[in-house]
Every structure is written in structure tokens, then in C-alpha cells.
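Protein chains in written order, with the numbering used here: chain A, 3 to 551; chain B, 2 to 197.
Notes follow once the structure below has been shown.
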Amino acid sequence: MTEQQEDRAPRIADPALRRLHPLTPLLRSWGAVGVITAAALGALGNNADQVTWVWHAVQGDADIPLLLRAAGLLVLVAVILLAAGWVSWRMTGFALVVERRDEADRHPVGTLLYHRGVLVRQRSRVRLDRVQSVDVSQPVIPRLLGLAMVSLDMAAGAGASVKLAYLREAEAWHLRDEILHYTPTGGGAPRDPSRPAKPAREQQLVARISTHRLVQATLLEGVGVYVLLFVVVIAAIGAGIGFGWEVLLGSLTAVFGVVLALFLMLRNQVGTVLRDANFTLLRTSSAIRISSGLLSTVNRTIELDRVQEVRIVEPLTWRWLGWARVEVDVAGARTDGSSPAASLMPVADSEEAVAFVASVLGADLADPRVAGPGQRARWVDPLGHRFLGVTLLDQGGLSRRGRWRRTRFFVPYARVQSVSVRQGWLQRRLGLATVHLDMPAGVRRWTAPHRDATEAHMLVNDLVERARRQRAMPWSEPTLDPGDAGSDDQPQHDAAQQLAPGVEDRPREVRQPRHEEHDHAERRQRDGERGNEPEQHQGQDQPRDRQGR
Amino acid sequence: VAAPRASVDRRGTRLDGVTNEPTDRLLGPGGAPAGDLFRDPDLTWRPVSLRLAVERRLPVAVGALFGLAALVGGLLAASPWNVVLLVLGGVLLLGAAIAWVVVKRAVQTWRYAEREQDLLVSHGRLYRRLTVIPYGRMQVIEVSANPVSARLDIATVTLVTASASTDARIPGLPTSEAHALRDRLAAKGEAMTAGL
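Below you can see the structure in the form of C-alpha cells.
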């Protein structure tokens, strides 16, 4: 949605562009410049007593040592790089422009202008109402200098994001707040006439995860590899003692692979800890804010409306302690697969994780009405069939699987792209079929494996209907009719009551009702103005959230 | 609705209490839908053109020609290699014969049906699939034809949603039907577009 400037777009008088921080070019190419400078200095240092050589060299009347010539070249390259960076910095600017139709316009449209490029001039206009998330992050070195980066993600994925790097930290936060003003779900402040336009400051601390526990959990998750390594080493030593040293030397080569695997895993683990340390979860009216990071810090804002899938993952070793991790997939998030899925909670007590998801999404992922596929499924999935299960909640489908690594998958119906059902030869003989919900790119599809064929038929019809009804609505109002068993009110109520005892010792914030009726009504009204489906007006007077009781 | 038989451990430490009840409980009482899962008899399913089989049999025919050539060569050549050629030709011809039948049968399974809100596409004999694509989710509708299918006057309609896993493609529609379908879908999609 980064549009090039177009003629038909409303004219925006070129406003005064703001510049990024002057240190930006240095930081952007700090690696190259740093290495080159260090190498050059090192080379010069070797000839420190001959500094006059430089002068003579310039005069061209000296025999220049090769090393010195190389050093001079490096310095030249570094200077050119810096100069290029400086020119590029001079040509880069951004501005936040607000368009009002008239003085009393309560829904101003914000646009971010971002101009850059020396040879190829790029002028981007980012409509802020299309922005999916605004993050403030600080890599290590900028962090030391008190600088930060603001990145805007659009729905189109990794390609369509704008990174404003670098700004002073306070300025970055201020800009982020400003931008959030004009995103559809962000602050919500400009949309509410009763409140003065100010950034959404009403946020509450939901969870803070201690780094100590994170390290424990990370080590515990990888404990299998350590055990394997231990066994291999013991076996190798045993073989050495039993059969002589040549065998031991031979078996050491086998250990090598394991050590390599160990190193890779350690690297991942260290990465996880560095990324998720100091993990803090804040809750605003319509979004979750995460800040984390030990060396580099990242501040992510996850709009609840954009959540495509939530997973509660319980690795084997964590289950012994009753721990779980909450992962989330969001539209427009970086989906290059290089980084693991964003954790909503890197580690938490299972019940805490369930309660947290319930409080933000209104879906009970520990719903007891999960139905397994039945005994016939053992022929298709002999090891795992006992752990498969599916249920349809009011807001989305819940599926779980995994013998060792128990995972519960939840997808909101409103995000479903298409519904499909597949049946292999063996499944057909057994009268089974697998139902899928196709999710937007980057999210694995949701699966209800090996259901009874008749049930699969009903599931497909039901899911299509539920997805249709919830598609146009902003967020998952429970509007399904009571005749529908999957959304029957009574069991839901029971489930909530069952949950209650465990709830008491949790922080109060987790159970806070969502106070955003107003925002939603407003937004719906606004969407209506834009000519969206009238269906959006349905359920406006429905209770916002069942968890709010 | 029956109460769940086995309850799940609230602490989440043991999730193996998955209820293995008869699975229709999931959706509660209500008549089981009649008919085949992949061919709802209440809908008007439209087949694709059998000319698609012609297109798909083309590579099979080429393979068969090679097989025939190998067979003839094996019969004529007077060298110890002719056994290899004979076997190769036989295998190729046999494979082509099987593929000839399978391709036709596979093409016959392609069906699509238009409902008020969504489009259903179903195909496959051994591995059967049905995809339901809501009109509101369609982002792009493509009609494409390669030189062979263009000669046969058939085209493929591809529906693109935001999901990479949506498998929505109808090959082998007569070109006029493909264009008409595309226009209908585009009109409906425009009326029902939903955000992500």
C-alpha cells in the first residue's frame, strides 16, 4: 500500500519534511565503515613512524609501501561510503500529514510521506489507516546512542513495510503515538468525540516474564538434545574402554555431528533468550503491546483484529511443570520464515496462558468439548490419533494435536479464506475425511484431521456458514443462534465457571473486560459510511465479550 | 447436547483426555446431511470439458510413440540390445495405456458448483478434494490458456485468495464458459469483498 504519488490523489502541499537523525548514515553502514577504518588504521599504525610518507606519497615522489597504499585505498572507500550515506541522508525525509475534509471532521485521514533516494527518487505515501502495526525497535548500537527505529507494517507482508531509521528514542515513541492515532484500531482517540485527541495511554500491564524463567524454559525445551549428546559421549567412552582407543577415536567422529547440532541449538536458544528477555506484555483497548529484548529491544503492537492464528504450545518437558508458550500469527508480519513465530508469551503457566488468550480473544482454548476423531483414525495415524481433537468455539475453530509437543491451534472464523475437505484412499475406506481452513499467506492452514465423513460434511457446511457470518464483523461477536450446538450458550457458561477457581490467583488485569464497545460501534459506523456491507451493523448491540462477566 | 465425558486437565499438564466420543456430538443434534460429501446432490454441479482429457493425453501419446519406436527398433535391430529396447518399449506402452485411461477418469471428476455465497470446486478420484471459496475472499480471477488448450478452445479459471493454500482452479472450461464464469465471479466478488 505504499503508493507512488499519483495525480488523482488529493493534493498535499509539500510539507516541511523532517530528517532522520544525522548519525543514521554512520549507523546504517557502520559495519563496512568500521571494518574498513579499523583495517586502514591498523595498516597505518604499522607505519606510524613514517606518517610523512603519506605526504610524500601524495606528492608522488616516494616509494609507497604496498600496505600503506592499501590503507589509503581503504580510507578512501570509507570516506566515499560515508559521503554517499550523508547525501542519502540529506535526501531522505518524512512527514506526517493530516487531511480533514472540513474543520469539524472527526475522522481525519493521516498519511505518512516518506521521500528518499538520490538517483532513483522514491516518494511513498502511506495511508495510515492501512497500517497493520507500528513497532519501535532498537538494535544494539543505536540503543547505546539512544536512537530507535519506527517500522510500519502493511497487510501486503514483508515487502510492504516502511522503516524510519533512526530517530531519537523519544521522537520515535512520539511518532509512533502519532501514527497510531490514525490507524483504524490504534489509539481510537480521534474517533471518540468525548475524549480529547491524545495517544492511547490507557494500557495495563498484563504479564512480565522473568528472564530467569525464560532461560530455564529454553534449556528445558532443548533438554532432549543434551540427553542425546550425553548418551552418545557415554557410549563412545564405553566403546573406547571396551574395544580400545582406536575405536574411541573412530566414534569421536560420530560425536562431531552431535556437537554441531548442539552448537546450532545453543545458538537458537541464545537467540531466543536475547529476543524474549525482559518480556513485558501490555494491553490497550484493542491491541497488545510487547516489549522485549536484552541487547536489541523490540516493541511490537499486535492489533487483536489482525490476529490470524493463536497457538498454545506445550513441549513434553514443559508439561511436567505445567508450562506453555503462546504464539501468534498476524497479517502483514514478517513471514520469511527466518525468525520463529512471534511469542505472545514465551513461557507461562498453562492455565495462565489459556486465561490470557481467553481475556484477549474471548476464546477458551482449554474448552473441554474437544472431540477426538474416534477409533477408526488409528489406522491413518497410529501414534497420534489419541491426541487429535477439534471443537468449534463461538469465535473460531480450535484444534489440537501432538503426542510429544501438544499444540492447540485457534483460528478466528472471521479470518478464514476458504474451507476445504480432502479424503485419501485409506480415509475413504475408513469413512473419514480431513477438513481444512485456509488462512492468509504465512499462516499454516487449520486442520481437523480424520473426521467421520458425515461429520466432515456437516463441519464444512457449518464452518462456511460461520466464516460467512463473521467475515464482515470487526471482531467475533457471539451472534450464532442458540440452536447451533457448537455455539450453545450453556456449555460455554459451564466452561467459564469451571475456569473460575484457577482464575482467582491470577492478576486482576487478566480478567479485565474489554472496554472498547464504543470504539467498535464507532468504527463500524465509519466503515458503513465507506460503503461496506450493511451486515457489519449486525450484532452491534450484542454483548461485547463474554469474558467480561 | 451431551456433556463431555472426559474432562480435560485444567492445568494443561495432560491433554490426552481427548474425548473419543462419537464425533457427531461436535455439532450437536441435527440431521446428517444426505448424499456424498464431495457431490452435494442439491447443487447443480457442472463438469469440465472432456477436451481437457485430449490436452492431458497429449504427453501420454508422445510417450506411447516413443514406446512404439523402441518396440519396432527392438524387433528390427539384430543386436543383444534389442531385449532392452523391447522391455523399454513394452513398459512405456503399458504405462501410456494406463495413463490414457486414468487421465480420462481424472478429468471426469472435475466439478464446480456456484452457490449464492461461494463457489465449490471438487476433483480427484483416489484423493478427493472439495474447496469452498467465498466470493468475498476472491482477490484475483484469472483465465489462462496454453497454446494447446487454446487450440482446443478450453481455458483454466484460477481463483486467488489471500491464502497460499487455497487450491481453487478449474481447468478445461470451454473458453466462452470460462469467460462467463469469470465475469459472474468478478461481479459477485465485487459485491461481497471483505478485508483480510
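In this text, a Cβ means the ideal position worked out from N, Cα and C, and glycines have one as well.
Here the structure is a predicted model, which means the values were calculated and not measured.
Burial state of residue i (16 or more Cβ within 10 Å)
i         : result
Tyr415(A) : buried
Trp322(A) : exposed
Leu313(A) : According to the sequence displayed, residue 313(A) carries Arg and not Leu. Classification for Arg313(A): buried.
Gln310(A) : buried
Arg193(A) : Bear in mind that a pLDDT of 38 at Arg193(A), under 50, signals an unreliable position, so the number given afterwards is only what the model happens to contain. Buried, by the Cβ-count rule.
Pro317(A) : buried
Thr45(B)  : exposed
Lys189(B) : buried
Gly44(A)  : exposed
Thr255(A) : exposed
Trp247(A) : exposed
Pro144(A) : buried
Ala62(B)  : exposed
Glu353(A) : buried
Pro370(A) : buried
Leu19(A)  : exposed
Leu428(A) : exposed
Asn270(A) : exposed
Ser420(A) : buried
Ala181(B) : exposed
Ile38(A)  : buried
Proximity winner among the options, relative to residue i (alpha-carbon distances)
i         : options                                    : result
Ala279(A) : Ser293(A), Asn270(A), Leu266(A), Arg285(A) : Ser293(A)
Val445(A) : Phe411(A), Gln429(A), Pro451(A), Trp88(A)  : Phe411(A)
Trp175(A) : Gly148(A), Met156(A), Asp155(A)            : Gly148(A)
Arg431(A) : Met460(A), Gln397(A), Gln419(A), Trp381(A) : Trp381(A)
Pro210(B) : Arg473(A), Arg313(A), His459(A)            : Lying outside 2 to 197, the shown extent of chain B, residue 210(B) is not represented and no answer is given.
Val372(A) : Val362(A), Ala360(A), Ser401(A), Gln397(A) : Ser401(A)
Leu153(B) : Val63(B), Pro81(B), Pro172(B)              : Pro172(B)
Val217(A) : Val423(A), Ala350(A), Asp396(A)            : Ala350(A)
Leu363(A) : Pro348(A), Leu395(A), Thr456(A)            : Leu395(A)
Ala97(A)  : Leu130(A), Arg145(A), Val437(A), Thr319(A) : Leu130(A)
Leu146(A) : Arg407(A), Leu29(A), Gly246(A), Phe281(A)  : Leu29(A)
His438(A) : Ser166(B), Gly137(B), Glu191(B)            : Ser166(B)
Val133(A) : Arg453(A), Ile304(A), Val330(A)            : Ile304(A)
Glu143(B) : Leu127(B), Arg126(B), Tyr128(B), Val161(B) : Val161(B)
Arg468(A) : Ala435(A), Val122(A), Gly398(A), His452(A) : Gly398(A)
Ala72(A)  : His214(A), Ala42(A), Ala86(A)              : Ala42(A)
Ser212(A) : Phe281(A), Ala40(A), Glu353(A), Thr449(A)  : Phe281(A)
Leu186(B) : Asp168(B), Ala163(B), Ser145(B), Arg116(B) : Arg116(B)
Phe553(A) : Leu262(A), Arg285(A), Leu250(A), Ile243(A) : No information on residue 553(A) is available, as it lies outside the stretch 3 to 551 that chain A covers here.
Ser422(A) : Val300(A), Val315(A), Arg447(A)            : Arg447(A)
Arg417(A) : His180(B), Leu69(B), Arg183(B), Gly137(B)  : Gly137(B)
Gly391(A) : Arg403(A), Leu251(A), Pro348(A)            : Arg403(A)
Gly252(A) : His117(A), Ala237(A), Ile82(A)             : Ala237(A)
Val466(A) : Leu121(B), Ala97(B), Arg126(B), Ser145(B)  : Leu121(B)
Arg123(A) : Thr393(A), Phe389(A), Arg92(A)             : Arg92(A)
Contact test: residue i Cβ vs the ligand MG heavy atom, cutoff 8 Å
i         : result
Arg210(A) : Looking for the ligand MG in the displayed structure turns up nothing, as the structure carries no ligands at all.
Proximity test, Cβ basis, 9 Å: residue i and chain C
i        : result
Leu38(B) : No chain C is part of this structure, whose protein chains are labelled A and B.
Segments of 4+ residues assigned as alpha helix (DSSP H) that fall wholly inside the segment 83-113 of chain B
83-109
Three or more C-beta pairs below 8 Å linking the segment 74-85 of chain B and the segment 94-110 of chain B
Because the criterion of three Cβ pairs below 8 Å is not met, the segment 74-85 of chain B and the segment 94-110 of chain B do not touch.
Three CB pairs or more closer than 8 Å across the segment 218-232 of chain A and the segment 265-276 of chain A:
yes
Any chance the segment 109-127 of chain A sits against the segment 178-185 of chain A, with 3 or more Cβ pairs inside 8 Å?
yes
What are the residues in the segment 118-134 of chain B lying within 7 Å of chain A by C-beta distance?
Gln118, Asp119, Leu127, Tyr128, Arg129, Arg130, Leu131, Thr132, Val133, Ile134
Whole runs of the alpha helix (DSSP H) within the segment 408-465 of chain A, excluding any shorter than 4 residues
427-432
At a cut of 8 Å, does the segment 133-151 of chain B reach the segment 453-471 of chain A through at least three beta carbon pairs?
Three or more pairs of CB atoms, one per stretch, sit closer than 8 Å, so the segment 133-151 of chain B contacts the segment 453-471 of chain A.
Cβ-based contacts, 9 Å cut-off: residues of the segment 160-171 of chain B near chain A:
Leu160, Thr162, Ala163, Ser164, Ala165, Ser166, Thr167, Asp168, Ala169
Which ranges does the beta strand (DSSP E) cover as unbroken runs of at least 3 residues, wholly within the segment 253-311 of chain A, from first to last along the chain?
281-285, 289-294, 299-305
Inter-stretch contact (C-beta, 8 Å, three-pair minimum) for the segment 64-77 of chain B and the segment 87-102 of chain B:
yes
Mind checking the segment 421-441 of chain A against chain B and listing, in chain order, the residues whose C-beta falls within less than 8 Å of any C-beta there?
Val421, Ser422, Val423, Arg424, Gln425, Gly426, Trp427, Arg430, Ala435, His438, Asp440, Met441
Quick one: complete beta strand (DSSP E) runs, 3+ long, within the segment 113-193 of chain A?
124-129, 133-140, 149-156, 163-170
Closer than 8 Å, Cβ to any Cβ of chain A: which residues of the segment 133-155 of chain B, in chain order?
Val133, Ile134, Pro135, Gly137, Arg138
Chain-ordered residues of the segment 373-398 of chain A with a beta carbon less than 8 Å from chain B
Those would be Ala373, Gly374, Pro375, Gly376, Gln377, Arg388, Phe389, Leu390, Gly391, Val392, Thr393, Leu394, in chain order.
Anything in the segment 447-479 of chain A with a Cβ closer than 8 Å to a Cβ of chain B? List those residues in chain order, please.
Arg447, Arg453, Asp454, Ala455, Thr456, Glu457, Ala458, His459, Met460, Leu461, Val462, Asn463, Asp464, Val466, Ala469, Arg470, Arg473, Ala474
Going along the chain, which residues of the segment 406-422 of chain A sit with their C-beta nearer than 9 Å to a C-beta in chain B?
Arg408, Arg410, Ala416, Arg417, Val418, Gln419, Ser420, Val421, Ser422
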